[in-house]
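**Q** Here the UniProt record's numbering is used: position 191 in the sequence shown is 191, and no number is missing along the way.
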Amino acid sequence: MENMQYAEAVVKEFLLFRGFTHTLHSFEAEVEADIGHGLQVDRIVDLFFNVYVQRFEADNMVNLMAFLQKSFFSSADDRYHSTVRKLEASLNKYYIVNAVQKGRPDRVIHFFERHGDSLLRSGDDWHCWFAVPYMQNPSIDPRFQVYFSKEWLDTLIVSFRNFLAEIRVKIFRGIYLTFGKIPLPTLLKLHSERAKSKATKQDLEKLRTDCAQLRTVLKTKEEEILSLRSEYESTQRKHLREEKETANLVRTPPQLSPSSSVEKERKSGFLSLKEADLTSRFLDVGTGGNNLETTGPCETISSYGSADSNSESVEVTSDAAKRWAKEEDVPQIIVESQETFSGHTSPITRCRFSTAGSNVASASVDGTVRIWTPDAAASPSRNATIYCGAEIMSLEWENKSDRLLLLGTAHCGVKAWNVEAKRVVCDLSTDAAFPRILELKCSPTDALFLCVASSQPGNSEQELGNVGFGSLTVWNMRTWKFMNVLPLGEDPPVVTSVCFNHNGKLVAAGATDGMIRLFDMNGCQPITGWPAHDSCAVSCVRFGHDHSSIFSLGSDGKVLEWSLHNQGQILQSHDASLFCGMDNSRVPRHEMALDSYGKSLLLSSNLRSAPLFKFNGTTKAYRTLDHNSGVTSVDWHPLLPMYLTGSSDHSVRVTSIL
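(1) Taking 8 Å as the cut-off, does the stretch 503-517 touch the stretch 528-546 (at least 3 CB pairs, one atom from each stretch)?
(2) By the three-class DSSP mapping on this structure, what secondary structure does GLU327 have?
(3) Beta-carbon separation of LEU603 and ALA576 under 8 Å?
(4) Report buried or exposed for VAL169, applying the criterion of at least 16 other Cβ atoms within 10 angstroms of its Cβ.
(5) Would you tell me roughly how many angstroms separate the C-alpha atoms of LEU607 and VAL369, rounded to the nearest one?
(6) Which runs of the beta strand (DSSP E) fall wholly inside the stretch 407-473 and span at least 3 residues, in chain order?
(7) Flag this pair as touching only if the stretch 469-488 and the stretch 607-619 have three or more C-beta atom pairs under 8 Å; answer yes or no.
(8) How long is the line joining the alpha carbons of PRO105 and GLU30, rounded to whole angstroms?
(9) Could you please give me the residues that DSSP links to MET515 through a beta bridge?
(10) Can you find a C-beta in chain C that's less than 8 Å from the C-beta of VAL158?
(11) Which one of MET4, SER337, LEU404, MET61 has the shortest CA to CA distance from LEU187?
(12) From GLN136 to VAL100, what distance separates their C-alpha atoms?
(13) Here's the rule: buried if 16 or more other CB atoms are within 10 angstroms of the residue's CB, otherwise exposed. What is PRO487?
(14) Using the C-alpha atoms, what's the distance from MET61 back to LEU156?
(15) Using CA atoms only, rank isn't needed, just tell me which of PHE341, SER230, GLU591, LYS238 is closest to ASN655.
(16) What number of angstroms, rounded off, separates the C-alpha of GLY408 from the C-alpha of THR235?
(17) Is the distance from the Cβ of VAL494 to the Cβ of GLY470 below 8 Å?
(18) Counting Cβ pairs, one atom from each stretch, are 3 or more of them under 8 Å apart for the stretch 109-124 and the stretch 48-61?
(19) Between which two residues does the alpha helix (DSSP H) holding HIS81 run?
(20) At which residues does the alpha helix (DSSP H) containing GLU396 begin and terminate?
(21) If we call anything under 8 Å between Cβ atoms a contact, is ASP397 one with THR355?
(22) Pull up the distance between the alpha-carbon of SER362 and that of GLU339, whole angstroms please.
(23) Determine the closest residue to PRO138 out of GLN202, LEU68, VAL97, with distance taken between C-alpha atoms.
(24) According to DSSP, is LEU16 part of a helix, a strand, or is it coil?
(25) Going by the beta-carbon positions, is the gap between LEU625 and VAL360 smaller than 8 Å?
(26) Can you check which of these residues, SER497, TRP417, THR445, CYS426, is closest to CYS451 by C-alpha distance?
(27) In chain order, what residues of the same chain have a beta carbon less than 6 Å from the beta carbon of SER600, not counting five sequence neighbours either side?
(28) How many angstroms separate the CA atom of LEU594 from the CA atom of PHE72?
(29) Could you give the distance in angstroms between the alpha-carbon of ALA447 and the alpha-carbon of SER401?
(30) State yes or no: is the C-beta of PHE144 within less than 8 Å of the C-beta of VAL158?
(31) What runs of the alpha helix (DSSP H), each 4 residues or longer, lie entirely inside the stretch 537-600?
(32) Does DSSP classify PRO526 as helix, strand or coil?
(33) Return the Cβ separation of VAL414 and ARG382 in integer angstroms, given the expectation that the two are a contact with Cβ distance under 8 Å.
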C-alpha cells in the first residue's frame with residue numbers, strides 16, 4: 001500500500017510539472033473511484049465491450065489486449081495460453097459481428113486491412129471471415145450463425161470477466177500457483193528501491209566507520225609490535241656484544257705456564273667452535289631472518305624465524321634443510337575450519353574465489369566448471385555447472401561487476417559465463433596456432449583482459465623438452481574483439497603467468513625462458529625484463545602487496561621476491577623444491593597466491609599438502625592439511641583468512657585459518 005501511494009504521488013508530481021492539468025484531474029478522479037486499489041475487472045470488460053467495440057476503436061482494442069498479454073498473460077502457465085488465444089480471437093470476432101449488425105462493413109474492411117496479417121498468422125481459421133463484409137446476410141450462414149446469438153456474447157463476456165478476476169487474485173494476493181511471478185510495474189518498485197538504496201548507504205557508512213576504527217586498532221597494534229621487535233633486537237645485539245667481549249677475553253688470556261699447554265689447546269678448540277657459532281648467529285640476525293637460500297652442495301638455508309622461535313616454526317639452517325627431506329618435516333598450519341567440495345569427477349585444474357568472495361569457480365580436466373558457494377548459508381542462486389567439452393586450463397573472474405567468469409580451454413576457446421543470467425554470453429575462438437589457453441587475467445580498472453596461449457608442446461622422444469611457442473594478446477570485454485599483441489620477440493617463449501598491478505597500467509609476465517618481462521599497457525610495449533631463475537622456467541608471477549615488488553616461482557621450486565625500485569635485487573628467497581620442483585621438459589603449471597594483506601603466500605604442490613609461508617617480521621613455513629593427491633591450484637579469499645586448494649583427487653577444499 002505504501003508503494004502504491006508513493007507511485008501515485010510521483011505521477012501527480014510529474015503531471016503538475018508538465019502542466020497536464022486535465023490529465024491530473026482525470027487521474028485524481030480515477031484514484032478516488034478506485035475502491036479496490038487495483039486491477040478493476042469490470043472497468044476493463046466495460047472498456048473492451050462497451051467502449052472500444054461500440055466506437056469501432058479497433059487499434060485501441062488490439063493495443064490494450066497486447067499490453068495485457070505482455071504484462072500479465074505471458075506469465076501464465078502453458079496450459080492457460082490456449083485460453084488466452086481463444087479469448088483474443090473471440091473478442092476480434094465480436095468486433096466484426098458488432099460492425100456488421102450496425103451496418104458498418106467499412107469498419108470490418110478497415111479492421112482486416114490493419115490487422116489481417118496478424119490474424120492469419122495466429123493459426124485460427126480466419127480465411128472465411130474475410131468474406132463477411134461482402135455477404136448479404138452473414139448471420140444466417142452456418143459458419144457464423146452462432147457468433148450473432150446473444151447467448152454467445154453473454155458467454156464471452158462472462159468468460160472474459162472470470163479470467164481477468166482470476167488474474168487479479170493471483171497478482172494482489174501474491175498467489176503464484178497457476179501463474180509465474182508477475183512483475184510489478186516499475187513505478188511501484190521505486191519506493192522499495194529507494195528504501196533499499198537508503199538502507200544500503202546506511203550500512204555502507206556503518207561499515208566505513210567500523211573499518212576506520214579497526215584500522216586505528218590495527219595501526220596501534222602494529223606500532224606495539226614494532227616497539228617490541230625493536231626492544232627484542234636491541235636485547236639480542238647487547239647479548240651478542242657481551243658474548244663477543246667474553247670470547248675476546250678468552251682469546252687473549254694472561255701468560256700461561258708450560259704446564260697449562262693442554263688446557264690452552266682445549267680452550268683454543270673451544271674458541272674456534274664459539275666463534276663459528278657467534279658468526280652464524282650474527283648473520284642470522286643481520287639478515288633479518290627473512291631469507292631462505294641454498295648456497296652450495298650442503299644446502300645451507302637462512303632461517304625462517306629467529307633462533308628463539310617456538311617449535312611450531314621451521315628454523316631453516318643446514319639441519320633444517322635435512323629435516324625438509326620429507327613432507328612430514330614441515331608443521332601443519334593451525335586450521336579453524338575446513339569444508340570439502342566433491343562435485344567433480346576428474347582432477348582439478350583451477351579454482352578461484354569470485355571478486356567479492358561469495359562464490360567459487362572450480363574446473364577439471366574433463367571440461368566441467370562448477371560454480372558454488374563456500375558458505376552453506378549463502379544463496380545458491382548463482383550455482384551452476386558448465387560443460388565445455390575440452391580441458392579447462394584457466395579461470396578468471398571479472399574484477400568490476402563480479403558477474404562474468406572467463407573460461408580458457410585447451411582447444412582455442414575462451415568463453416564468458418554470466419552467473420546471473422546463467423548462460424554463455426560470448427564464445428571466442430583464438431589463433432589456431434596457439435590452442436592452449438594457459439591463463440586469462442582481467443584488468444582491475446579497464447574493460448579488457450589478457451589471454452596467454454601456447455602452441456602444442458612436443459610429444460615424441462625427439463621433441464622431448466620442446467615446450468612450444470607462446471602468445472600474449474589483449475582483448476576488449478565490451479566488444480569481445482581482439483585489441484593488441486604484447487611482443488615477446490623472435491621465437492616467443494611460452495608465457496606461463498601474467499598479473500596486473502593495482503592501476504592496470506603495468507603487466508608482469510613470466511615465461512619458460514626464465515625471464516620476467518614488464519609491459520606498459522598504455523602503449524602495449526615492453527618496458528624491461530630480467531632473468532629471474534637460472535636455466536629454468538618461471539611458473540608464476542604475482543605483484544607484492546604494496547606493488548613495489550614481484551614474487552616469482554620457478555620450476556626449480558624457488559620463490560623469489562624482486563624489487564621494482566632496484567632491478568635485479570632479490571628482497572627475499574624461499575626454497576619449496578620439495579613441494580613444487582619440476583624439470584624443464586614441459587610447461588610448468590604450478591601457481592602461487594598472496595593474501596590480500598601480503599602476509600601469507602600459498603603454493604600449489606606435487607605432494608598431498610601445499611607449502612604456506614607467513615611473513616610477520618620473521619618468515620615461518622607451514623603446510624596445509626593433506627589431500628589424497630597433489631595440490632593443483634590455490635587461491636586466497638579477497639577479504640578473509642581463508643584459502644582454496646584444488647587437487648588431482650577431484651576435490652576442492654575451503655580452509656579457514658586463525
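Glycine included, each C-beta is placed from N, C-alpha and C at the ideal position.
**A** Answer, in terms of the structure:
(1) Taking 8 Å as the limit for Cβ pairs, the verdict is that the stretch 503-517 does touch the stretch 528-546.
(2) Sequence index remark: in the sequence shown, residue 327 carries index 327 (1-based). Residue state, collapsed to three classes: helix.
(3) Residue numbering aside, residue 603 sits at position 603 when the sequence shown is read from its first letter. Residue numbering aside, residue 576 sits at position 576 when the sequence shown is read from its first letter. Yes, they are a contact pair.
(4) By 1-based counting over the sequence shown, the position of residue 169 is 169. Label assigned to VAL169: exposed.
(5) For the purposes of this step, residue 607 is taken as the residue at position 607 of the sequence shown. For the purposes of this step, residue 369 is taken as the residue at position 369 of the sequence shown. Going by the C-alpha atoms only, they are around 24 Å apart.
(6) With a minimum length of 3 residues, the unbroken runs of beta strand (DSSP E) contained wholly in the stretch 407-473 fall at 413-418, 423-429, 436-442, 448-454.
(7) Contact fails: fewer than three Cβ-Cβ distances are below 8 Å.
(8) Residue 105 sits at position 105 when you count from the first residue of the sequence shown. Residue 30 sits at position 30 when you count from the first residue of the sequence shown. Rounded to the nearest whole angstrom, the CA to CA distance from PRO105 to GLU30 is 35 Å.
(9) Within the sequence shown, the letter at position 515 stands for residue 515. Beta-bridge partners of MET515 (DSSP): PRO531.
(10) No chain C appears in the structure shown, which is made up of a single protein chain.
(11) Stepping through the sequence shown from its first residue, residue 187 is reached at position 187. Out of MET4, SER337, LEU404, MET61, MET4 has the C-alpha closest to the C-alpha of LEU187.
(12) Position 136 of the sequence shown holds residue 136. Position 100 of the sequence shown holds residue 100. Between GLN136 and VAL100, the C-alpha separation is close to 10 Å.
(13) Residue 487 sits at position 487 when you count from the first residue of the sequence shown. Around the beta carbon of PRO487, fewer than 16 other beta carbons sit within 10 angstroms, so the residue counts as exposed.
(14) Position 156 of the sequence shown, counting from 1, holds the residue named residue 156. Position 61 of the sequence shown, counting from 1, holds the residue named residue 61. Rounded to the nearest angstrom, the two C-alpha atoms are 16 Å apart.
(15) Along the sequence shown, read from residue 1 onward, the residue named residue 655 stands at position 655. Position check: residue 655 holds Thr in this sequence, whereas Asn was assumed. Nearest C-alpha to THR655: PHE341.
(16) In the sequence shown, counting from the first residue as 1, residue 408 sits at position 408. In the sequence shown, counting from the first residue as 1, residue 235 sits at position 235. When rounded, the separation of the alpha-carbon atoms in GLY408 and THR235 is 55 Å.
(17) To locate residue 494, count along the sequence shown from 1; it is residue 494. To locate residue 470, count along the sequence shown from 1; it is residue 470. A contact, by the Cβ cut-off of 8 Å.
(18) Touching, yes, given that three or more Cβ pairs across the two stretches are closer than 8 Å.
(19) For the purposes of this step, residue 81 is taken as residue 81 along the sequence shown, with counting starting at 1. HIS81: member of the alpha helix (DSSP H) spanning 81-101, first to last residue.
(20) Mapped onto the sequence shown, residue 396 falls at position 396. That residue, GLU396, is in no alpha helix (DSSP H); its beta strand (DSSP E) goes 392-397.
(21) Residue mapping note: residue 397 aligns to position 397 of the sequence shown, counting from 1. Residue mapping note: residue 355 aligns to position 355 of the sequence shown, counting from 1. Inspection of the sequence shows that residue 397 is occupied by Trp rather than by Asp. Contact: yes.
(22) By one-based count along the sequence shown, residue 362 stands at place 362. By one-based count along the sequence shown, residue 339 stands at place 339. Between the C-alpha atoms of SER362 and GLU339 there is a straight-line separation of about 14 Å.
(23) Taking the first residue of the sequence shown as position 1, residue 138 is located at position 138. For PRO138, the closest alpha carbon among the candidates GLN202, LEU68, VAL97 is that of VAL97.
(24) The sequence position of residue 16 within the sequence shown is 16, counting from 1. Correct three-state label for LEU16: helix.
(25) Within the sequence shown, residue 625 is the residue found at index 625, counting from 1. Within the sequence shown, residue 360 is the residue found at index 360, counting from 1. With contacts defined as CB atoms closer than 8 Å, LEU625 and VAL360 fail to qualify as a contacting pair.
(26) The residue labelled residue 451 in the question sits at position 451 within the sequence shown. Checking every option, the nearest Cα to that of CYS451 belongs to SER497.
(27) Translated into the one-based positions of the sequence shown, residue 600 becomes position 600. Within the same chain, SER600 has close Cβ partners LYS614.
(28) Counting from 1 along the sequence shown, the entry for residue 594 is found at position 594. Counting from 1 along the sequence shown, the entry for residue 72 is found at position 72. Computed Cα separation, rounded: 52 Å.
(29) For the purposes of this step, residue 447 is taken as the residue at position 447 of the sequence shown. For the purposes of this step, residue 401 is taken as the residue at position 401 of the sequence shown. Straight-line measurement puts the Cα of SER401 at about 11 Å from the Cα of ALA447.
(30) To locate residue 144, count along the sequence shown from 1; it is residue 144. To locate residue 158, count along the sequence shown from 1; it is residue 158. Contact flag unset, no.
(31) Listed in chain order, they are 577-580.
(32) Looking up residue 526 in the sequence shown gives position 526. PRO526: strand per DSSP, three-state reduction.
(33) Counting from one through the sequence shown, the residue named residue 414 turns up at place 414. Counting from one through the sequence shown, the residue named residue 382 turns up at place 382. Contact check for VAL414 and ARG382: beta-carbon distance about 20 Å, past the 8 Å limit, so the pair fails to qualify.
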